[in-house]
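**Q**
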Amino acid sequence: MYLNLDMLVFLPAHRIIQCDMSILDGLNENQQRAVQHVDGPVLVLAGAGSGKTRTLAHRIAYIISEKKKSSSSVLAVTFTNKAAQEMRERVVKLLRIPVRSMPRFTTDLDQQIFPVMGTFHSISVRILRKEGGLLGYKPDYAIYDEHDQKAAIKQAMDELGISPKEINPQNIAWMISSAKNKLLTPVDYAGKADGFLEEIASRVYQSYQDILRRHQAMDFDDLIMNVVGLFETYPDLLERYQDRFQYILIDEYQDTNTAQYRWVSLLAKKNQNIFVVGDDWQAIYGWRGADFHNILNFEKEYPKVKVFYLEQNYRSTQPILDLGNFIIKQNTHQKDKTLWTENHSGDKPRIIEVEDEWREGECILNALGKKRKKESAFDDIVYEYDDGKRVAGMSILERIMQEQRAKKDQERGWEKRSYDIDFSGVTLSDSVVLYRTNAQSRALEEVLLTFGVPYRIIGGLKFYDRKEIKDMLALLRFVYNQDDLVSFDRVIDVVGEGIGPKTISMVRQCSRTRGLPVIEVMKNAVEFIDVSDARAQKLVAFGEMIEDLLVRLEDTGLDDFIDIVGKRTGYFSLLNDGSPENQARLENIAELKTVAKKFRQEKGVQGLSLFLEEVALLTDLDREDARGDQLTLMTLHSAKGLEFKTVFVAGCEEGLLPHSNSMMRPEELEEERRLCYVGITRAKENLYLTHTRQRTIFGKTMVNLPSQFIADMPDELVERIIL
Numbered sequence: 066m067y068l069n070l071d072m073l074v075f076l077p078a079h080r081i082i083q084c085d086m087s088i089l090d091g092l093n094e095n096q097q098r099a100v101q102h103v104d105g106p107v108l109v110l111a112g113a114g115s116g117k118t119r120t121l122a123h124r125i126a127y128i129i130s131e132k133k134k135s136s137s138s139v140l141a142v143t144f145t146n147k148a149a150q151e152m153r154e155r156v157v158k159l160l161r162i163p164v165r166s167m168p169r170f171t172t173d174l175d176q177q178i179f180p181v182m183g184t185f186h187s188i189s190v191r192i193l194r195k196e197g198g199l200l201g202y203k204p205d206y207a208i209y210d211e212h213d214q215k216a217a218i219k220q221a222m223d224e225l226g227i228s229p230k231e232i233n234p235q236n237i238a239w240m241i242s243s244a245k246n247k248l249l250t251p252v253d254y255a256g257k258a259d260g261f262l263e264e265i266a267s268r269v270y271q272s273y274q275d276i277l278r279r280h281q282a283m284d285f286d287d288l289i290m291n292v293v294g295l296f297e298t299y300p301d302l303l304e305r306y307q308d309r310f311q312y313i314l315i316d317e318y319q320d321t322n323t324a325q326y327r328w329v330s331l332l333a334k335k336n337q338n339i340f341v342v343g344d345d346w347q348a349i350y351g352w353r354g355a356d357f358h359n360i361l362n363f364e365k366e367y368p369k370v371k372v373f374y375l376e377q378n379y380r381s382t383q384p385i386l387d388l389g390n391f392i393i394k395q396n397t398h399q400k401d402k403t404l405w406t407e408n409h410s411g412d413k414p415r416i417i418e419v420e421d422e423w424r425e426g427e428c429i430l431n432a433l434g435k436k437r438k439k440e441s442a443f444d445d446i447v448y449e450y451d452d453g454k455r456v457a458g459m460s461i462l463e464r465i466m467q468e469q470r471a472k473k474d475q476e477r478g479w480e481k482r483s484y485d486i487d488f489s490g491v492t493l494s495d496s497v498v499l500y501r502t503n504a505q506s507r508a509l510e511e512v513l514l515t516f517g518v519p520y521r522i523i524g525g526l527k528f529y530d531r532k533e534i535k536d537m538l539a540l541l542r543f544v545y546n547q548d549d550l551v552s553f554d555r556v557i558d559v560v561g562e563g564i565g566p567k568t569i570s571m572v573r574q575c576s577r578t579r580g581l582p583v584i585e586v587m588k589n590a591v592e593f594i595d596v597s598d599a600r601a602q603k604l605v606a607f608g609e610m611i612e613d614l615l616v617r618l619e620d621t622g623l624d625d626f627i628d629i630v631g632k633r634t635g636y637f638s639l640l641n642d643g644s645p646e647n648q649a650r651l652e653n654i655a656e657l658k659t660v661a662k663k664f665r666q667e668k669g670v671q672g673l674s675l676f677l678e679e680v681a682l683l684t685d686l687d688r689e690d691a692r693g694d695q696l697t698l699m700t701l702h703s704a705k706g707l708e709f710k711t712v713f714v715a716g717c718e719e720g721l722l723p724h725s726n727s728m729m730r731p732e733e734l735e736e737e738r739r740l741c742y743v744g745i746t747r748a749k750e751n752l753y754l755t756h757t758r759q760r761t762i763f764g765k766t767m768v769n770l771p772s773q774f775i776a777d778m779p780d781e782l783v784e785r786i787i788l
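In the numbering used here, the protein residues as written are 66 to 788.
1. Which residues does DSSP list as the beta-bridge partners of S189?
2. Can you grab the Cα-Cα spacing for the pair S267 / Q307, in whole Å?
3. In terms of DSSP beta bridges, what is T568 paired with?
4. Which of the three DSSP states is assigned to S27 in this structure?
5. For I762, is the classification buried or exposed, using 16 other Cβ atoms within 10 angstroms of its Cβ as the cut-off for buried?
6. Roughly how many angstroms separate the alpha carbons of R332 and L248, rounded to a whole number?
7. With H, G and I counted as helix, E and B as strand and the rest as coil, what does DSSP make of K203?
8. May I ask you to report which of helix, strand or coil DSSP gives L303?
9. Mind checking S137: buried by the 16 CB within 10 Å criterion, or exposed?
10. Quickly, what does DSSP pair T502 with across the bridge? List them, please.
11. State the Cα-Cα distance for the pair S570 and A681, rounded to the nearest angstrom.
12. List the DSSP bridge partners of Q759.
13. Between R795 and R747, what straight-line distance do the alpha-carbon atoms span, to the nearest angstrom?
14. By the 10 Å Cβ neighbour count, where 16 or more other Cβ atoms means buried, how is I128 classified, buried or exposed?
15. Tell me whether the beta-carbon of D205 lies closer than 7 Å to the beta-carbon of N546.
16. Answer with buried or exposed for E667, where buried requires no fewer than 16 other C-beta atoms within 10 angstroms of its C-beta.
17. How is F553 classed by DSSP in three states: helix, strand or coil?
18. Sort out for me which residues DSSP pairs D421 with in a bridge.
19. Rounded to a whole number of angstroms, what is the C-alpha to C-alpha distance between L314 and K245?
20. Once DSSP output is grouped into helix, strand and coil, what is the label at N233?
21. By the three-class DSSP mapping on this structure, what secondary structure does C179 have?
22. Please go through the same chain and pick out, in chain order, the residues whose beta-carbon is closer than 7 Å to the beta-carbon of G434, but skip the five residues on each side of it.
23. Using the Cα positions of Q467 and Q505, report the straight-line distance between them to the nearest angstrom.
24. Tell whether a beta-carbon distance below 7 Å holds between Q220 and I162.
25. Using a 10 Å radius around the Cβ and a threshold of 16 neighbouring Cβ atoms, would you call F144 buried or exposed?
26. Hey, how far is the Cα of G524 from the Cα of R738?
27. Check the DSSP bridge columns for V712 and list the partner residues they point to.
28. Could you tell me the alpha carbon to alpha carbon distance between K400 and K369, rounded to whole angstroms?
29. I need the straight-line Cα distance from R573 to H123, nearest angstrom please.
30. Can you name the start and end residues of the beta strand (DSSP E) that L698 belongs to?
31. When DSSP labels each residue in this structure, what does K435 get in the three-state scheme?
32. Which same chain residues, not among the five before or five after A776, have their C-beta less than 7 Å away from its C-beta?
33. CA-CA distance, A113 and Q347?
34. Within its chain, find whatever has a CB closer than 8 Å to the CB of V497; leave out the 5 residues flanking it on each side and keep chain order.
35. Leaving out five residues before and five after E784 in sequence, what residues of the same chain have Cβ atoms less than 8 Å from its Cβ?
36. Which term fits P779, buried or exposed, when burial requires 16 or more other beta carbons within 10 angstroms of its beta carbon?
Listed below in structure tokens is the structure:
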């Protein structure tokens, strides 16, 4: 048994147990060849379901075990913590490292003698904890998530006199993020600004960065950009990391943006031992800055590269792969591959045409279960709203559906339904419904609610996005880093009873004038702040409370410390009113303690630092938590990297898939086709592509043509059904 893998980032080569099993066992011929080509640049073009994670893990183990290279010289980079975790588990099993030899986690890379495996962001965090002083950052700098970023941008806009009612802060945030992904500083961006909105964004960008500096904080994009800046500004520092990481492995290389590409290129430049795995056919994130030309041009950048193709698929049946191969080969800007499998069983994929979006939902359920005469309704539906409330299914039906149902049936000319659908023997969690836009889920949800089908939506409100979790994390972050004024504002808003905006404004001004942290100003409010004695005493008490919590942290396990913070600040008292809503919030905080227990062995600031880093670096898929047997709904973009026994791709219509925004741009149309390919190749056994003759969406009823993607599919590859 291999324990505590969440804490394990580095693996000890000197404690490997030798075994008879070869590191190459379980690999096909092309995988073996890729694993064994250790020196020099390597490009692995890995098709969907071709075992790329297995290949990466075996290569790491091979470098350490067979080639006897220093384990500390290996760096493996992924895009999600989940992918990094899976890689760690595989490597540990391959090297047969015993539990007793597991190393203690440390954030100091110089103290590690093991391979580093993590995301671009998590590895950058560790580099900047050590080297950030060169950029003026303390080791305990804060990491701002999207919510914190938006708050800081609003503050920047306020300081510049720009109204959020006139300019959407979310748009500005996107423009700043896009600039950072292209490695454009505020000065660079200002020089390229074209038009009124970009000029506004360039001003906000500079002010926003000034605020981050004052708060000793970085956002996600800064983590990558600042490491690149360090490497480019300090050649000796870059060379030290190049000497450390002599073997570099990058997963999902087609998804790298300009900043990530530069990050990798700088580290690999000296030794050229770079091993990248990717699939240009699955490059679907151009809209968020990914540049799939990075993988297409890899052979030009590294002329001595060795290229390996992984085309054997271990996920899907051959009929599904035949369809995937056909559709993707209509693109022109890509590498040539042909996916195949030894599994030639299975039905042809089905293309189903229905009248409208309601019938589309019904046909999906009919494909999963069987119609039966209605005897009883499901009474155990759970629906999760964006505020995290969970409501019993029948009450939702009564409130949302009952009044509308008769009216809608009458409008459609349908009789009252006398059937439901029998899902006995069906595991709903084996199936997924994929769609191009989030707006498509509305009609699907309506059908699911009507028939009492439990479901979950990936991309809805997540655990870490709930108010009580953000409140508690803000409290913990401010205790950890008292320069983090975004967390400070949230903490004051939540537990700073009697301390109003005007008083806080005076505290902030005094902090800037005297060059003192806000907590020091508050502790000395009687002397520093011109307020009433009663108000000054509230400020003093608040400052002393935060200081006391920091002292308590030093000898307390992190899970217990969450209880201490909740009680000491009065936050738990705010939620202890006996209401079901607040009881659920207290239960969510209890679940946060479960996460914190992983860091219990690290007391004090170190444990809190590791915990806050892990939470800040989680991605949507890392955070997703399945609850029981539920049908999954998600966008095609969210589905990448996943697999399901049965897959439905809904809304295969012109204007949806491909999206209307891509119709006039050839490159974007090719990305839409790749997106369709990704949806197809998520299926293991059963694949359904559905489209409607008319659809009500975005407030309009439209008569739709079938997607050009499915219209072109030859009949020998698909079964067409019209309902």
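Where is the CB? At the ideal position from N, CA and C, for every residue including glycine.
None of these values were measured; they are calculated from a predicted model.
**A** Well, looking at it:
1. One-based indexing of the sequence shown puts residue 189 at position 124. Paired residues: none, contrary to the question.
2. To locate residue 267, count along the sequence shown from 1; it is residue 202. To locate residue 307, count along the sequence shown from 1; it is residue 242. Looking at the two C-alpha atoms, the distance is approximately 34 Å.
3. Looking up residue 568 in the sequence shown gives position 503. Answer is none; T568 lacks a bridge partner.
4. No answer is possible for residue 27: it lies beyond the span of the chain, which begins at 66 and ends at 788.
5. As a position in the sequence shown, residue 762 is number 697, starting the count at 1. I762 comes out buried.
6. Here the question's residue 332 lines up with position 267 in the sequence shown. Here the question's residue 248 lines up with position 183 in the sequence shown. Per the sequence presented here, residue 332 reads as Leu, with Arg not at that position. Looking at the two C-alpha atoms, the distance is approximately 16 Å.
7. What you label residue 203 is simply residue 138 of the sequence shown in a count that begins at 1. Three-state result, K203: coil.
8. As a first step, residue 303 is located in the sequence shown; it is residue number 238 there, counting from the start. L303 falls in the helix class under three-state DSSP.
9. Walking along the sequence shown from the start, residue 137 turns up at place 72. Answer is buried; the Cβ neighbour count reaches 16.
10. Here residue 502 is taken as the residue at index 437 of the sequence shown, counted from 1. DSSP lists no partner for T502.
11. Numbered from 1 along the sequence shown, position 505 holds the residue referred to as residue 570. Numbered from 1 along the sequence shown, position 616 holds the residue referred to as residue 681. Using only the alpha carbons, I get a separation of about 28 Å.
12. Taking the first residue of the sequence shown as position 1, residue 759 is located at position 694. According to DSSP, Q759 bridges with V768.
13. Because residue 795 is not part of the residues shown, which for the chain are 66 to 788, the question remains open.
14. The residue labelled residue 128 in the question sits at position 63 within the sequence shown. The residue in question, I128, is buried, as its Cβ has 16 or more Cβ neighbours within 10 Å.
15. Counting from one through the sequence shown, the residue named residue 205 turns up at place 140. Counting from one through the sequence shown, the residue named residue 546 turns up at place 481. Their beta carbons are under 7 Å apart, which means D205 touches N546 by this criterion.
16. Numbered from its first residue, the sequence shown carries residue 667 at position 602. Classification for E667: buried.
17. Looking up residue 553 in the sequence shown gives position 488. Three-state DSSP puts F553 in a helix.
18. Within the sequence shown, numbered from 1, the residue matching residue 421 stands at position 356. The partner list for D421 (beta bridge, DSSP) is empty, contrary to what the question assumes.
19. Taking the sequence shown and counting its residues from 1, the one referred to as residue 314 is at position 249. Taking the sequence shown and counting its residues from 1, the one referred to as residue 245 is at position 180. Cα to Cα, L314 sits roughly 24 Å from K245.
20. By one-based count along the sequence shown, residue 233 stands at place 168. DSSP places N233 in coil when its eight states are reduced to three.
21. By 1-based counting over the sequence shown, the position of residue 179 is 114. According to the sequence displayed, residue 179 carries Phe and not Cys. Three-state DSSP puts F179 in coil, outside helix and strand.
22. Here residue 434 is taken as the residue at index 369 of the sequence shown, counted from 1. Excluding residues within five positions, the ones whose Cβ falls inside 7 Å are I486, D487, F488, V491.
23. Looking up residue 467 in the sequence shown gives position 402. Looking up residue 505 in the sequence shown gives position 440. Residue confidence for Q467 is low, a pLDDT of 39 falling below 50, so the modelled location carries little weight; the figure read from the coordinates is stated next. Going by the C-alpha atoms only, they are around 22 Å apart.
24. By one-based count along the sequence shown, residue 220 stands at place 155. By one-based count along the sequence shown, residue 162 stands at place 97. Not a contact, by the Cβ cut-off of 7 Å.
25. The sequence position of residue 144 within the sequence shown is 79, counting from 1. Classification of F144: buried, given that the 10 Å Cβ count is 16 or more.
26. Mapped onto the sequence shown, residue 524 falls at position 459. Mapped onto the sequence shown, residue 738 falls at position 673. So the two alpha carbons sit approximately 22 Å from each other.
27. Within the sequence shown, numbered from 1, the residue matching residue 712 stands at position 647. In DSSP, V712 forms a bridge with V497, L752.
28. As a first step, residue 400 must be located in the sequence shown, where it is residue number 335. As a first step, residue 369 must be located in the sequence shown, where it is residue number 304. So the two alpha carbons sit approximately 18 Å from each other.
29. Position 508 of the sequence shown, counting from 1, holds the residue named residue 573. Position 58 of the sequence shown, counting from 1, holds the residue named residue 123. Their backbone Cα atoms lie some 54 Å apart in a straight line.
30. Residue 698 sits at position 633 when you count from the first residue of the sequence shown. Counting along the chain, the beta strand (DSSP E) containing L698 begins and ends at 696 to 700.
31. To locate residue 435, count along the sequence shown from 1; it is residue 370. In the structure shown, K435 sits in a strand (DSSP, three-state: E or B).
32. Sequence index remark: in the sequence shown, residue 776 carries index 711 (1-based). If we look at A776 and ignore the five residues flanking it on each side, it has no Cβ neighbours.
33. Position 48 of the sequence shown holds residue 113. Position 282 of the sequence shown holds residue 347. Taking the straight line joining both Cα atoms gives about 8 Å.
34. On the sequence shown, residue 497 is found 432 positions in, with the first residue counted as 1. Excluding sequence neighbours, V497 sits near L696, T697, L698, M699, A704, L707, F709, T711, V712, F713, R747.
35. Within the sequence shown, the letter at position 719 stands for residue 784. Here the set comprises D412, K413, P414, R415, I416.
36. Locating residue 779 in the sequence shown gives position 714, where the first residue counts as 1. P779 comes out exposed.
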